[in-house]
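J.:
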Amino acid sequence: MTAHQPAPGLPAHAPKFAQPARTSDTLVFVCTYNESGSIATMLDRLLALKARCDIVVIDDNSPDGTLDIVARRAAEEPRVGALVRPRKLGLGSAHKLGWAHARRMGYTRIATLDADLSHDPADVQRLLDQLDAGADVAIGSRFLPGARLDYRGIRRFVSQTANVLASMFLRMGLTEHTTSLRAARLDRVPVGLIESIKNDGYSFQVACIARLVRAGLTIKEIPIHFRDRHHGQSKISKREAVYGMINLLSLAFDRRPSVVLPEPSSLECPVCARPYMVRRHSGELRCLACFGSIEPS
Ligand SMILES: Nc1nc2c(ncn2[C@@H]2O[C@H](COP(=O)(O)OP(=O)(O)O)[C@@H](O)[C@H]2O)c(=O)[nH]1
Ligand SMILES: [Mg+2]
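In my numbering, the protein residues as written are 4 to 300.
Right under this line is the structure:
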């Protein structure tokens, strides 16, 4: 592993981070793109949880100063780290990097949530409590009885419709399929099951939960209060929403067992020297941290 980031492609003034270290068995990762308005509060509230956890921010070189805020916190708190990517490479690929990082570092539990405070960091503790109570995976649902969803208008309609359609097509007994507010027992999830998902964008979340259910894991949903963001802007595009629908249909009709690709013999990226190479369905090897790739020979 390299001693320091950033990866090639980052401006010289980008803050440098040491490779995150492991100080507990639980990793919480938060994916960010332009979240300078909320990231400090998010980190403070995660650090205050009852369960001791390490926190890694996976940032795509946000131009709004998110990384400077994370760097200040990381300098004083060894439990906070960051993985920086050279440009906006998609929410799904950022999540795959979070899973790959947790594996490489030997964490046994993983949790994740959005950085815009739509998800209450205190709910991470409630999800971890569900893992302690025996669930393999826990999900914060906006649609269970007792849950609250603050979206109004078109956003509310799109979220509700996407999840009703996912319930109808996928029949996994879940009410929530599209959120990132989740926790999992990593030691129960087969190696590579999540890292080898094709989707690099928002549709990753549905593909991920379908794989976890189809792998026979026990999933527990808990009701949450989902707030609309107060800072910054949503990054979801109309294109992502349309692709999400196509992805849902493909998951519904293709029920063959998930193809888990074998890990490459060397995990180290020849471009950024970080240990996040994964095999893609095309046979190509690709780094989840910088998208550097090696064509199949
Ligand atoms: N690293 C990374 N994070 C992203 C990307 N796109 C969105 N995010 C983060 O993913 C989370 C959810 O995104 P958001 O725009 O709030 O989506 P919405 O809640 O569906 O509107 C936020 O923390 C974003 O900053 C991306 O391409 N890369
Ligand atoms: Mg959001």
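Even for Gly, the Cβ is constructed at its ideal location relative to N, Cα and C.
Note that the coordinates shown come from a computational prediction; the quantities given were computed from them, not determined experimentally.
Using three-state DSSP, classify Ala125 as helix, strand or coil.
T.: Reduced to three states, the DSSP call for Ala125 is helix.
J.: Taking the beta strand (DSSP E) that Leu100 falls in, what are its first and last residues?
T.: Counting along the chain, Leu100 falls outside any beta strand (DSSP E), though it belongs to the alpha helix (DSSP H) covering Leu94 to Met108.
J.: For Cys275, tell me which candidate among Arg106, Val87 and Arg191 has the shortest Cα-Cα distance.
T.: Answer by Cα proximity: Val87.
J.: Throw me the rounded Cβ distance for the Leu100 and Tyr279 pair, which I believe falls under 8 Å.
T.: So it is a contact: roughly 6 Å between Cβ atoms.
J.: Going by CA-CA distance only, name the one from Ala74, Lys53, Arg174 and Ser269 that's closest to Pro23.
T.: Checked all of Ala74, Lys53, Arg174 and Ser269; the closest Cα to Pro23 is Ala74.
J.: Do you know offhand how far Asp47's Cα is from Leu254's?
T.: Cα-Cα distance, rounded: 38 Å.
J.: Any heavy atom of ligand 2 inside 7 Å of the beta-carbon of Arg232?
T.: Under cutoff, so the answer is yes.
J.: Here's the rule I'm using: 16 or more other beta-carbon atoms within 10 Å means buried, otherwise exposed. How should Phe160 be labelled?
T.: That one is exposed.
J.: Using the C-alpha atoms, what's the distance from Ala114 back to Leu131?
T.: Near 8 Å, if we compare the C-alpha coordinates of Ala114 and Leu131.
J.: Out of Arg90, Glu38, Leu291 and Val127, point me to the one whose CA is closest to Lys201's CA.
T.: Ranking the options by Cα distance to Lys201, first place goes to Leu291.
J.: Pick out whichever of Val140, Gln133, Phe172 and Thr182 has its Cα sitting closest to the Cα of His122.
T.: Closest option to His122, Cα to Cα, is Thr182.
J.: Which one or two residues does DSSP pair with Leu259 in a beta bridge?
T.: Position check: residue 259 holds Arg in this sequence, whereas Leu was assumed. Paired residue(s): none; Arg259 is not in a bridge.
J.: Compute the minimum distance between the beta carbon of Ser144 and the heavy atoms of ligand 2, and state whether it is under 7 Å.
T.: Not so, every heavy atom of ligand 2 lies at least 7 Å from the Cβ.
J.: So what's Lys223 in DSSP terms, helix, strand or just coil?
T.: Three-state DSSP puts Lys223 in a strand.
J.: Which stretch, first to last residue, makes up the beta strand (DSSP E) that contains Ser144?
T.: Taken as a continuous stretch (DSSP letters only), the beta strand (DSSP E) holding Ser144 covers Val140 to Ser144.
J.: Would you tell me roughly how many angstroms separate the C-alpha atoms of Pro9 and Ala97, rounded to the nearest one?
T.: With a pLDDT of only 49 at Pro9, under 50, the local geometry of the prediction cannot be trusted, and no value is derived from it.
J.: Tell me, please, whether the region 187 to 196 touches the region 74 to 83 by the rule of three or more beta-carbon pairs shorter than 8 Å.
T.: Short answer: they don't touch.
J.: Given a cut-off of 8 Å, decide if His180 and Ile212 are closer than it, judged by their beta-carbon atoms.
T.: Yes. Within cutoff.
J.: Where Met108 and Ile61 are concerned, what is the direct C-alpha to C-alpha distance, given to the nearest angstrom?
T.: Met108 and Ile61: Cα-Cα distance of roughly 15 Å.
J.: Assign His7 to buried or exposed, taking buried as 16 or more other Cβ atoms, counted over all protein chains shown, within 10 Å of its Cβ.
T.: Any reading at His7 is ruled out, since the residue's pLDDT is 49, under 50, leaving its predicted position unreliable.
J.: For the beta strand (DSSP E) that Cys290 lies in, which residues bound it at each end?
T.: Segment Leu288 to Cys290, the beta strand (DSSP E) holding Cys290.
J.: Quick one: what's got a C-beta closer than 7 Å to Gly295's C-beta in the same chain, skipping five residues either side?
T.: Only Cys272, Pro273, Val274 and Cys275 meet the Cβ criterion.
J.: Would you mind stating whether Gly84 and Ser39 have Cβ atoms separated by less than 8 Å?
T.: No. Outside cutoff.
J.: Compare the beta carbon distance of Val127 and Leu177 with 8 Å and say whether it is the shorter of the two.
T.: Cβ distance not < 8 Å, so Val127 and Leu177 don't count as in contact.
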